[in-house]
Amino acid sequence: MKKLFLFCLLLTSQSILAQLKIAKVFTNHVVLQRQKPIPVWGWAKPNESVILTLAGQKQTTQANQEGKWMVKFSPLEAGGPFTLEVQGVSEKIALQDVLIGDVWLCSGQSNMEWTVKQADNFSNEKKNADYPKIRHFFVEHEVTTQPQIDLKSGEWKVCNSQNVGDFTAVGYFFAREVFQKTGVPIGLLHSSWGGSQVEGWISKEGMETFDELKPYAQNLPSNWKDADLLLEEKIKEKLLGNAKISISLADEQQYVKAGYDFSKWLTGNAIGQWDWQGIWAWRGNGFIAKTVEIPAEMIGEVTTLGLAESFSENQVYINGKLVFSGILKGIRKIVVPANTWKSGSNSLMIKMNKTIEPSWYGVGMMGNADDLYVSSEKQKVALGASNWKLMPSFAEEHTFAHSSNNIGTYIYNGMIAPLLPFAIKGALWYQGETNAGRSYQYRKSFPLLINDWRRLWNDEFPFYFVQLSSYGPYQNSNQGSGWAELREAQTMTLSLPKTGMAVTTDVGNPKDIHPTNKQDVGKRLAAEALKNTYGFNIISAGPMYASVNFEKGKATISFKNVGTGLMLKDKFGYLKGFEIAGEDKVFYYAKAEIQGDKVIVYHPKGLKPASVRYAWADAPEDANLFNQEGFPACPFRTDQWKGVTEGVKFK
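Count the sequence shown with mature numbering (1 follows the signal peptide of the UniProt record, and there is no 0) and you get residues -18 to -1, 1 to 633, in order.
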């Protein structure tokens, strides 16, 4: 019986392997790239003959010993719909409604992944989405230890009111603008992942060409067990200063005792997943602590401890005394008996177990800072969301979510490699937020990605990207800004051929890393493509710093991309966003005036300038220099003084 079962299993496996298949990126409604050879590939029985037809062309090939086959159709002009037929010995595949047009690979992190239904004015966008010649293919999230030969799933969707809500918003608004101007069918091949870092999208071979990443690439884990171990060691190195240290249950039992010093733990936010606070992909238990100052008059009163939401089993200790153990759903309010707190400083320690719901959340509370407090009938002590201390439970059972940033190249393996060599017109990229802590290295890692993809496709295709928008504080240059340095790295990448950048600092949201005005972002990318790829005679970008002249206590800034003239946007008529510094490198907010196609910058007290910076902050929301065509000026600095991210590297 056992032999019969194995024989049947073998026959079934052979049957599956023998089935005629086409790569999953080819489905009904696919858009194939015009004016370039069109590769089409799939699998069949080893050595099986396969015949393909498309738009009057016929190609014959034979599957190799592994069963893979591939053909290349001769370049075609925009048109369709056509039928793509694949004929094997006994099976046939027919893909309907195939268009020939321009395919744009849309990639990056969450601001590329952001959908039309999440963008501004969705109700109107949905009503006016009848563009059957715009299509969208979403690549499912996948990280793998080895490059994959095919996707797990996917299908091309035609743009209409029913489907458009799930399209990449930036990609869709780009495609709509280009289609309206050219009439060429547009395919959006959408492969992005929120929160991803650029290193995850680069191939191992690409990394090996860059000295700073070569050692990392040569030591990449080949399986998830080793990858998880490497990630755990990184977390230990960051939190404990020793990647190899062993933490026992007895060690962790000391955490909850009175007087334990948790001051050297990781400083973080009580609200939000630990994934985004330096404890990436941790799926296990952990501890969160805070020193709480309690006024003397509250000591003898029954108090309420507000702990926001966390649907998980928690144990709460105050000065080493267990005051709560169990599960509370919703916004948690724990009654603390009188005389539990002491006057002055108190130790609040919470053992947080793995989140039950939602199970993917990991460790961390949900809600907002107002839900964190200690209160009595007459007083309330706010605990705030920040300045808590975090520590995973290394001694207890834990796992890691296999997600975007565990290991470099793994996103490439699962989400780019299976697309090769699908012919594309070019790439659109919106990413960088996750790399802002390593902005100086991004000067090399971002061009590396572009060159790597062009090498893999064997095609120097156009690559257009979005400069980081405005999010976070408006620091001065004395404090420094990782986001400003990331924007600078992006600007420097324009030295590569066939690249273009959309500046978006004016359409960001300092309080939300996901600004919802994706319409202007898409239009600005489209302007770059329309000018540089499609040959339209238009202004496609805003003023770009060209040079500076220091003379008589003033700095005269010259620009490229002035268009028909410089202008400012301010109801009071003031040019804003400029800072100036002398040789001492101390910056001051400066006065600035437009004179023709230049800007004159100076300090009212007669400071002799040595440097000028513009929009040099995470969220330079009042920077207001534009050209007459409505494009914002690109943030810049005239100095090359050391920044806040220099020396910080991926590892």
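We put the beta carbon where it would ideally sit given N, CA and C, even for glycine.
At what residues does the alpha helix (DSSP H) containing residue i begin and finish?
| i | result |
| --- | --- |
| residue 432 | 421 to 439 |
| residue 200 | 196 to 200 |
| residue 217 | 206 to 222 |
| residue 511 | 500 to 514 |
| residue 469 | 464 to 474 |
| residue 92 | 92 to 95 |
| residue 188 | 186 to 189 |
By Cβ distance below 6 angstroms, which residues in the same chain neighbour residue i in space, the five residues on each side in sequence not counted?
| i | result |
| --- | --- |
| residue 276 | 323 and 328 |
| residue 400 | 130, 132 and 133 |
| residue 71 | 30 |
| residue 522 | 509, 510 and 513 |
| residue 238 | 299 and 331 |
| residue 84 | 166, 168 and 407 |
| residue 365 | 354 and 355 |
| residue 377 | 229, 230, 231 and 234 |
| residue 68 | 4, 34 and 75 |
| residue 139 | 118 and 145 |
| residue 612 | none |
| residue 190 | 196 and 199 |
| residue 465 | 418, 450 and 600 |
| residue 457 | 463 and 599 |
Using the three-state DSSP reduction, which class does residue i fall into: helix, strand or coil?
| i | result |
| --- | --- |
| residue 609 | strand |
| residue 403 | coil |
| residue 267 | coil |
| residue 481 | strand |
| residue 164 | helix |
| residue 328 | strand |
| residue 146 | helix |
| residue 376 | coil |
| residue 527 | strand |
| residue 408 | strand |
| residue -10 | Caution is warranted here: a pLDDT of 39 is assigned to residue -10, below 50, making its placement in the model unreliable, and no coordinate value can be reported. |
| residue 580 | strand |
| residue 570 | strand |
| residue -18 | Residue placement at residue -18 is flagged as unreliable, the pLDDT there being 44, under the threshold of 50; a coordinate-derived value is accordingly withheld. |
| residue 341 | helix |
| residue 558 | coil |
| residue 283 | coil |
| residue 393 | helix |
| residue 417 | helix |
| residue 291 | strand |
| residue 42 | strand |
| residue 233 | helix |
| residue 598 | coil |
Short of 7 angstroms in beta carbon distance, which residues of its chain neighbour residue i, apart from the five on each side in sequence? Order them along the chain.
| i | result |
| --- | --- |
| residue 204 | 127 |
| residue 497 | 451, 489, 490 and 491 |
| residue 315 | 286 and 288 |
| residue 317 | 284 and 286 |
So, is residue i buried or exposed, given that buried needs 16 or more other C-beta atoms within 10 angstroms?
| i | result |
| --- | --- |
| residue 370 | buried |
| residue 302 | exposed |
| residue 263 | buried |
| residue 560 | buried |
| residue 284 | exposed |
| residue 336 | buried |
| residue 520 | exposed |
| residue 249 | exposed |
| residue 160 | buried |
| residue 241 | exposed |
| residue 93 | buried |
| residue 527 | buried |
| residue 304 | exposed |
| residue 22 | buried |
| residue 311 | exposed |
Could you tell me the boundaries of the beta strand (DSSP E) in which residue i lies?
| i | result |
| --- | --- |
| residue 255 | Counting along the chain, residue 255 falls outside any beta strand (DSSP E), and DSSP gives it neither H nor E. |
| residue 549 | 548 to 550 |
| residue 303 | 303 to 308 |
Among residues of its own chain, excluding the 5 on either side of residue i, which ones have a beta-carbon nearer than 8 angstroms to its beta-carbon?
| i | result |
| --- | --- |
| residue 531 | 537, 538 and 540 |
| residue 605 | 487, 488, 558, 559, 596, 597, 614, 615 and 617 |
| residue 28 | 45, 46, 47, 48 and 49 |
May I ask you to check if the CB of residue i is nearer than 7 angstroms to at least one heavy atom of the ligand ATP?
| i | result |
| --- | --- |
| residue 523 | Within the structure as shown, the ligand ATP is missing, as the structure has no ligands at all. |
key: Meets three-Cβ-pair contact criterion under 8 angstroms: the segment 170 to 183 and the segment 401 to 421   = yes
inquiry  = Pairs of beta-carbons, one from the segment 365 to 379 and one from the segment 43 to 58, closer than 8 angstroms: are there three or more?
reply    = no
message = Assess contact between the segment 190 to 206 and the segment 104 to 115, defined as three or more Cβ pairs (one per stretch) separated by less than 8 angstroms. Is contact present?
response = no
query = Does the segment 567 to 582 come within contact of the segment 466 to 476, defined as at least 3 CB pairs closer than 8 angstroms?
reply = no
inquiry  = Does the contact criterion of 3 or more C-beta pairs under 8 angstroms hold for the segment 411 to 426 versus the segment 209 to 216?
reply    = no
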